[in-house]
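K.L.:
Number of protein chains: 2
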Amino acid sequence: MTHGEAAHGKEDIPALMGKLGQAAHAAIRRLAITPTATKNKALIAAAAALRAATGKILAANAADMDEAAEDKGMGKALLDRLMLNEERVEAMAKGLEDIAALEDPVGKIMAAWDRPNGLRIERVRTPLGVIGVIFESRPNVTADAGALCLKAGNAVILRGGSESFHSCRAIMRCLTQGLTEAGLPEAAIQLVPTTDRAAVGEMLTMTGTIDVIVPRGGKSLIKRVSEESRVPLFKHLEGICHTYIDAAADPEKARAIVVNAKMRRTGICGATETLLADEAVADDLLLEIISDLIHAGCEIRGDKNIQSLDARVLAAEDADWNTEYLDAVISAARVKGVEGAIKHIADHSSHHTEAIITEDAGVAEKFLSEVDSAIVMVNASTQFADGGEFGMGAEIGISTGKMHARGPVGVEQLTSFKYVVRGNGQCRP
Amino acid sequence: MTHGEAAHGKEDIPALMGKLGQAAHAAIRRLAITPTATKNKALIAAAAALRAATGKILAANAADMDEAAEDKGMGKALLDRLMLNEERVEAMAKGLEDIAALEDPVGKIMAAWDRPNGLRIERVRTPLGVIGVIFESRPNVTADAGALCLKAGNAVILRGGSESFHSCRAIMRCLTQGLTEAGLPEAAIQLVPTTDRAAVGEMLTMTGTIDVIVPRGGKSLIKRVSEESRVPLFKHLEGICHTYIDAAADPEKARAIVVNAKMRRTGICGATETLLADEAVADDLLLEIISDLIHAGCEIRGDKNIQSLDARVLAAEDADWNTEYLDAVISAARVKGVEGAIKHIADHSSHHTEAIITEDAGVAEKFLSEVDSAIVMVNASTQFADGGEFGMGAEIGISTGKMHARGPVGVEQLTSFKYVVRGNGQCRP
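Those protein sequence lines, which keep their order, are chains A and B. Throughout the first sequence, residue numbering follows my numbering, covering 5 to 433 in sequence. Throughout the second sequence, residue numbering follows my numbering, covering 5 to 433 in sequence.
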């Protein structure tokens, strides 16, 4: 029996991993908007915690080393990888500080261009989401990988080798302390609390909660993981797109955009399926929009507030908020300001395209930065979610995945890249 | 029985798909270095072929429509998607010409920077490789997706819906004619010649030959494909890195780089495992390099020519060319110039890092452009394949995959992006 199996029988693995996945997924909303200084604070506090816990870490490592040497007859190279000493703990702590000193990539504008119709399009860096790291004997990967993923705004689920279980747990406690001191969710960095191998296979299938897995270790580990892998997909399952009318919306823009976003073509993935309106939006404006939609042949399924405005509005059921109609039907709800809209979208969106209508630049920026969909828009129709409209010329589809082809997939997205290095005799010292 | 099953029984699917995959994989070496003008010629010739074959295409489509209407009781919307007419064939032909008019992304420098040691690093666009497209009733996807993939230098395997089988085959013939007229391999665009559903599941598992799959169709198709998918990986299985000494190599650089590339640290993935030397490289230089390596404690396993130079060189076996030693062992072979080196690397490399040593700028460019590894170098040690050495600060690993994290995976590679669109009321016409 390996460590941890006492606590978690084999039959619990999917449930256990599901819980870790859900916790990580819940944490990423928060991490995506965490300022650089806060992430750095967590890293620097974790470095201090590592230094302070050196004795405990070395004791945990000694337990691992004893078991490895006695029970498992590991080779000398593996024992060296597993072994920690004061110098190696200090190197780990220094590594966290180095990562804190790196530039934060999140929010950087990667490219920007203007369309002839006046739309400005930016491609902006976002976290990947939840990263799974599967590694073997080196306990320092707990700190290194955890810190790198956090710096990029991701939640990470770490699954270390059974031989380094005690060491990894001791290091993990320091990372958790750093997260807590910075006020960040503990689920930002999690260590799988079992050495059951079934956890690795389970991670590979968690396509709903883990965005990418990084296997770090010897050839046999990579091979095992690769054998269970599949060809990656550029796809979107559905486009449950939202248009949110803010209190500071221009009424004429709101009227024109909502009808266009829903009714121009109802069968495309960029069609708006849910209308959200701030509580502060005037009933009169909403009544006009309701009339516009009904006049255009659209059925409206509203929450109680929207229903109370116009007898022609049907009652929305719970399922309506998660439905891609691809038809002349729209769900509609009142929300509490942009915060309410962002929350509704996080709970129900398919992360395809969402739009805000507002003249308040600050509110617009909040929406654009906090909504994690492939395409976020201000004061424009969601029906512009299209490679041709983006100026890509042609598209093979729209991707809601988070790899390099997210949003419209045109010719450029059908490429990869390589690094070309030119030297004049450089040797690595 | 659906179309095509007569020719291919269920038991043949893995073999059939394996053949398509191998053919596509063989085609990509060629496609990656095909000039833009040649790809455009194929697209324009295919457009002309489509127009010329309008009658045949409509006849094939009529057969599909008859079967669909009579045998399967398809809905009106699906029949409309399946239906072709002269206008739609013309739109397909025009679509190919539009894609020919798009800018070719391959070879574009995406980013470039200099390192303090004088290394210049560029990130250059390459094709993704082999793309699988799984679609449903719309036969025009054959032309659209085939053309987009080709324009980006990819080979594509198209798997259309059974209901559009005749139409897709008729369109495919025109694409093949375009490829042939441009002198491009027919395997650049292939249509799966069976409607057996097992082909879809098989495609998902072909991680060795298909780089990414684009499912295009209704929710049930995407759902089915997604259910069989796995979390994507950032990984490399091994680093079988090559250093090639060209006839125009500077001897001193060659000596210094080869020993460093192999022996600085033998256990890292960027260590050179195979030394290639042009037939024109002087025996004396190779003898010096052999002595340097042996003096540094390295075992050399050579082909006949290398063995004949020095009695201390052991005989290489076939397996040596595919072996990552991670130890003080190197395989060594003579090759016929840069062409021979590129071929050897294409046959044996793990697509991690390869280097050329040459003072001939033209030969260097050929190597850098035609070798499809995550990192290609000129006049530098392969041991520079490292996030820290690239100036990324820290890395979580090195990826030989072709998604956005290829080569060193640092903080930036642990991010995704989103599109931010700013308008002032734009509605889509």
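In this text, a Cβ means the ideal position worked out from N, Cα and C, and glycines have one as well.
#1: Buried or exposed, going by whether 16 or more other CB atoms sit within 10 Å of the CB of L291(B)?
#2: Checking contacts by CB at 9 Å: is H29(A) closer than that to chain B?
#3: Along the segment 231-261 of chain A, what residues have a CB closer than 8 Å to any CB found in chain B?
#4: Listed from N- to C-terminal order along the chain, which residues in the segment 189-219 of chain B have their beta-carbon within a distance smaller than 8 Å of any beta-carbon of chain A?
#5: By the 10 Å Cβ neighbour count, where 16 or more other Cβ atoms means buried, how is R163(B) classified, buried or exposed?
#6: Do G187(B) and I161(B) have their CB atoms nearer than 9 Å?
#7: Please compile the residues from chain B whose C-beta is within a distance smaller than 9 Å of the C-beta of M87(A).
#8: Compare the C-alpha of L208(A) against each of R201(A), I217(A), D200(A) and name the closest.
#9: Check whether the Cβ atoms of L82(B) and D68(B) lie closer than 9 Å to each other.
#10: Output the boundary residues of the alpha helix (DSSP H) element that contains E343(B).
#11: Of the choices D148(B), K406(B), R426(B), whose alpha-carbon is the least far from that of K98(B)?
#12: Tell me whether I103(B) is buried or exposed, calling it buried when 16 or more other Cβ atoms sit within 10 Å of its Cβ.
#13: Taking M176(A) as the reference, give the member of D322(A), A332(A), A46(A), A336(A) with the closest Cα.
#14: Once the 5 residues before and after P18(B) are set aside, which same chain residues still bring their CB inside 8 Å of it?
#15: Excluding the 5 residues flanking E271(A) on each side, which residues of the same chain have their C-beta closer than 7 Å to its C-beta?
#16: Closer than 7 Å by beta-carbon distance: list the chain B residues that pair up with N121(A), in chain order.
#17: Hey, out of G401(B), G366(B), A365(B), I361(B), whose CA is closest to A378(B)'s CA?
#18: Would you list, in sequence order, the uninterrupted alpha helix (DSSP H) runs of no fewer than 4 residues that lie entirely inside the segment 203-250 of chain A?
#19: Is there at least one Cβ from chain A nearer than 9 Å to M5(B)'s Cβ?
#20: If the criterion is Cβ atoms closer than 9 Å, does the pair S171(B) and L35(B) meet it?
#21: Under 7 Å between beta-carbons, which chain B residues line up against E416(A)? List them in chain order, please.
#22: Going by beta carbon distance, what residues of the same chain come within less than 8 Å of T6(A), once the five residues before and after it are set aside?
#23: Note down, in chain order, every chain A residue with its Cβ under 8 Å from the Cβ of E374(B).
#24: Alpha carbon to alpha carbon, what distance is there between G111(A) and R259(B)?
#25: Within 10 angstroms of its Cβ, does G274(B) collect 16 or more other Cβ (buried), or is it exposed?
#26: Between the beta-carbon of I360(A) and the beta-carbon of A345(A), is there less than 9 Å?
#27: Taking Cβ positions only, does K422(A) come closer than 9 Å to chain B?
#28: For H408(B), go through chain A and note every residue whose CB falls closer than 7 Å to its CB, in chain order.
#29: Measure the alpha-carbon distance for A389(A) versus G429(A) and round it to whole angstroms.
#30: With DSSP run on the structure shown, which of helix, strand or coil describes E303(B)?
#31: Quick check: what's the CA-CA separation for D314(B) versus I334(B)?
#32: Shorter than 9 Å from the beta carbon of S377(B) to some beta carbon of chain A?
#33: Could you please tell me which residues of the segment 90-105 of chain A, in chain order, have their CB closer than 9 Å to any CB of chain B?
#34: Quick one, which of I193(B), C302(B), E277(B), V145(B) has its alpha-carbon nearest G221(B)'s?
#35: Cβ of A174(A) within 9 Å of Cβ of I261(A)?
#36: Just confirm the distance between the C-beta atoms of V415(B) and P109(A), as a whole number of angstroms; I'd bet it's less than 8 Å.
P.N.:
On the basis of the supplied data:
#1: On the second sequence, position 287 is the one that residue 291(B) refers to. So L291(B) counts as exposed.
#2: Locating residue 29(A) in the first sequence gives position 25, where the first residue counts as 1. No, H29(A) lies away from the interface with chain B (no Cβ there is under 9 Å from its Cβ).
#3: E232, S233, R234, V235, P236, L237, F238, K239, H240, L241, E242, D254, E256, K257, A260, I261
#4: M207, L208, T209, M210, T211, I214, D215, V216, I217, V218, P219
#5: Taking the second sequence and counting its residues from 1, one reaches residue 163(B) at position 159. R163(B) is buried by the Cβ-count criterion.
#6: As a position in the second sequence, residue 187(B) is number 183, starting the count at 1. As a position in the second sequence, residue 161(B) is number 157, starting the count at 1. Against a cut-off of 9 Å, the Cβ pair of I161(B) and G187(B) comes out as no contact.
#7: On the first sequence, position 83 is the one that residue 87(A) refers to. Those within 9 Å of M87(A) in chain B number zero; the least Cβ separation is about 16 Å.
#8: The sequence position of residue 208(A) within the first sequence is 204, counting from 1. Residue I217(A) is the option with its Cα nearest to L208(A).
#9: Numbered from its first residue, the second sequence carries residue 82(B) at position 78. Numbered from its first residue, the second sequence carries residue 68(B) at position 64. Not in contact: L82(B) and D68(B) (Cβ atoms no closer than 9 Å).
#10: To locate residue 343(B), count along the second sequence from 1; it is residue 339. From DSSP, the alpha helix (DSSP H) with E343(B) extends over 341-352.
#11: Here residue 98(B) refers to the residue found at position 94 of the second sequence. K98(B) has its Cα closest to that of D148(B), out of D148(B), K406(B), R426(B).
#12: Here residue 103(B) corresponds to residue number 99 of the second sequence, with the count starting at 1. Buried, since its Cβ has 16 or more Cβ neighbours within 10 Å.
#13: Taking the first sequence and counting its residues from 1, the one referred to as residue 176(A) is at position 172. Nearest C-alpha to M176(A): A46(A).
#14: Reading the second sequence from its first residue, position 14 is the one you call residue 18(B). The answer, listed in chain order, is E206.
#15: Taking the first sequence and counting its residues from 1, the one referred to as residue 271(A) is at position 267. Reading off the sequence, residue 271(A) comes out as Gly, not Glu. Excluding sequence neighbours, G271(A) sits near L330.
#16: Residue mapping note: residue 121(A) aligns to position 117 of the first sequence, counting from 1. Correct list: Q430.
#17: As a working mapping, residue 378(B) is identified with position 374 in the second sequence. That would be G401(B), whose Cα lies nearest to the Cα of A378(B).
#18: 223-231
#19: Translated into the one-based positions of the second sequence, residue 5(B) becomes position 1. Because M5(B) carries a pLDDT of 35, less than 50, the predicted location of this residue cannot be relied on, and the following value inherits that uncertainty. No, M5(B) lies away from the interface with chain A (no Cβ there is under 9 Å from its Cβ).
#20: Translated into positions along the second sequence, residue 171(B) becomes position 167. Translated into positions along the second sequence, residue 35(B) becomes position 31. Their beta carbons are not under 9 Å apart, which means S171(B) does not touch L35(B) by this criterion.
#21: Indexing the first sequence from 1 puts residue 416(A) at position 412. The contacting residues are P109.
#22: As a first step, residue 6(A) is located in the first sequence; it is residue number 2 there, counting from the start. In this prediction, T6(A) scores a pLDDT of 41, lower than 50, which makes its location untrustworthy; the coordinate-derived value is nonetheless stated afterwards. Around T6(A): S166, F169, T199, D200.
#23: As a first step, residue 374(B) must be located in the second sequence, where it is residue number 370. None at all; the shortest Cβ gap to chain A is about 11 Å.
#24: Here residue 259(B) refers to the residue found at position 255 of the second sequence. Here residue 111(A) refers to the residue found at position 107 of the first sequence. Straight-line Cα distance between these residues: approximately 45 Å.
#25: Locating residue 274(B) in the second sequence gives position 270, counting from the first residue. Classification of G274(B): buried, given that the 10 Å Cβ count is 16 or more.
#26: For the purposes of this step, residue 360(A) is taken as the residue at position 356 of the first sequence. For the purposes of this step, residue 345(A) is taken as the residue at position 341 of the first sequence. Yes.
#27: The residue you call residue 422(A) lines up with position 418 of the first sequence. K422(A) counts as touching chain B.
#28: Position 404 of the second sequence, counted from the start, is the residue given in the question as residue 408(B). Simply M407, H408.
#29: The count along the first sequence starts at 1 and reaches residue 389(A) at position 385. The count along the first sequence starts at 1 and reaches residue 429(A) at position 425. Spanning the two alpha carbons is a distance of roughly 48 Å.
#30: Residue mapping note: residue 303(B) aligns to position 299 of the second sequence, counting from 1. In this structure, E303(B) counts as strand in the three-state DSSP scheme.
#31: In the second sequence, residue 314(B) corresponds to position 310, counting from 1. In the second sequence, residue 334(B) corresponds to position 330, counting from 1. If I take the Cα positions, the gap works out to 15 Å.
#32: Counted from its first residue, the second sequence places residue 377(B) at position 373. Yes, S377(B) counts as interfacial toward chain A.
#33: G99, D102, I103, A105
#34: Within the second sequence, the letter at position 217 stands for residue 221(B). Of I193(B), C302(B), E277(B), V145(B), the residue nearest in Cα terms is V145(B).
#35: As a position in the first sequence, residue 174(A) is number 170, starting the count at 1. As a position in the first sequence, residue 261(A) is number 257, starting the count at 1. Not closer than 9 Å, so no.
#36: In the second sequence, counting from the first residue as 1, residue 415(B) sits at position 411. In the first sequence, counting from the first residue as 1, residue 109(A) sits at position 105. With a Cβ gap of about 6 Å, V415(B) and P109(A) count as contacting.
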